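I have placed the structure first, in the form of structure tokens, so that the comments after it can refer back to it.
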Amino acid sequence: MMDNMHLPSLRKLGLRDSERLIQTPDFMQMTNLEYLDLRNCTDLEEVHRSLECCRKLIALNLQRCRLLNKFPCVNVESLGSLILLHCSSLEKFPEILGRMKPELEIKMSWSGLRKIPSAIIQQYSCHLTELSLSDMKKLVALPSSICQLKGLVKLDVSYCSKLESLPEEIGYLENLEDLHASFTLISRPPSSIICLNKLKILSFRLDLKPIFFATKESKYRVSFVFPEVNEGLRSLEILNLSFCNLTDGGLPEDIRCISFLKELNLRGNNFERLPRSIA
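According to my numbering, the sequence shown is numbered sequentially starting from 5.
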């Protein structure tokens, strides 16, 4: 471990693939650091708290730091990218210090985080543009406060295998363009989803394999029901509802109102008849 490194001019520190590194160095004397790459430091357990001194930090990549469990805080005054992909031992998001800049990208997929950090949602609701939460196996629900992220363009909750619903207020995400919710337990999207008039891509695709319940006759999970469109979803181009166990009535008759729809994937469903508007 490299303690008390006096490198005041250092702007980039690359420690990628340092597989035996357990703790990061002390960053107290690296106040001009802008790029910190810790990808594939597979034995890394702790990020030194002095990282809060790095107010000029632009990009921090901790991808595949699988043993990381102590990450006390991060200064976000200049931060544009925070990557926590595959940090499977990290259960708590670091404390946010400083004022978040616009267009901060945070990726937390395959992490061990148990809940969405409230500091990001409540304090910086106008700035976040992309939120990737895919494959967070412990995530059961999204807080309704996530709908305060007015600048959000992309939301990915695919492969969150315990996620049963989206917030009823999802329609408040007025700038959302991509919503990926495939391979979850969601079977009833909230009716407000039709208010997402900038949405271009919407996916609820489910698994190919049937999910058995109490009896062998229960071949699939509960039937999926898409809400009535009511002239909403005005920009939607791609809708993926494959293997959702759609039955008759699961698709609304007014689905034809999605006038910009270019791709409709209904593969592997259980309906006998399509709505007359598209049959």
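C-beta atoms are modelled at their ideal positions from N, C-alpha and C, and glycine is treated no differently. The structure displayed is predicted, hence computed values, not measured ones.
Item: For residue 55, three-class secondary structure by DSSP; Value: helix
Item: Residue 261 (DSSP reduced to helix, strand or coil); Value: helix
Item: Separation of residue 88 from residue 97, as counted between CA atoms; Value: 10 Å
Item: Where residue 173 sits in the DSSP three-state scheme; Value: helix
Item: For residue 182, the nearest candidate out of 256, 165, 156 and 84 (CA to CA); Value: 156
Item: Buried versus exposed call for residue 161 [16 or more other C-beta atoms within 10 Å across all chains shown]; Value: buried
Item: Residues bridged to residue 67 [DSSP beta-bridge criterion]; Value: Bridge partners of residue 67: none, in fact.
Item: With 16 other Cβ atoms within 10 Å as the buried cut-off, status of residue 263; Value: exposed
Item: Euclidean distance between Cα positions of residue 24 and residue 31; Value: 19 Å
Item: CB of residue 275 within 8 Å of CB of residue 250, strictly; Value: yes
Item: Chain-order list of residues whose beta-carbon lies under 6 Å from that of residue 56 (same chain, five-residue window excluded); Value: 77, 79 and 101
Item: Length of the line joining the Cα atoms of residue 150 and residue 166; Value: 18 Å
Item: Where residue 77 falls: helix, strand or coil (DSSP); Value: strand
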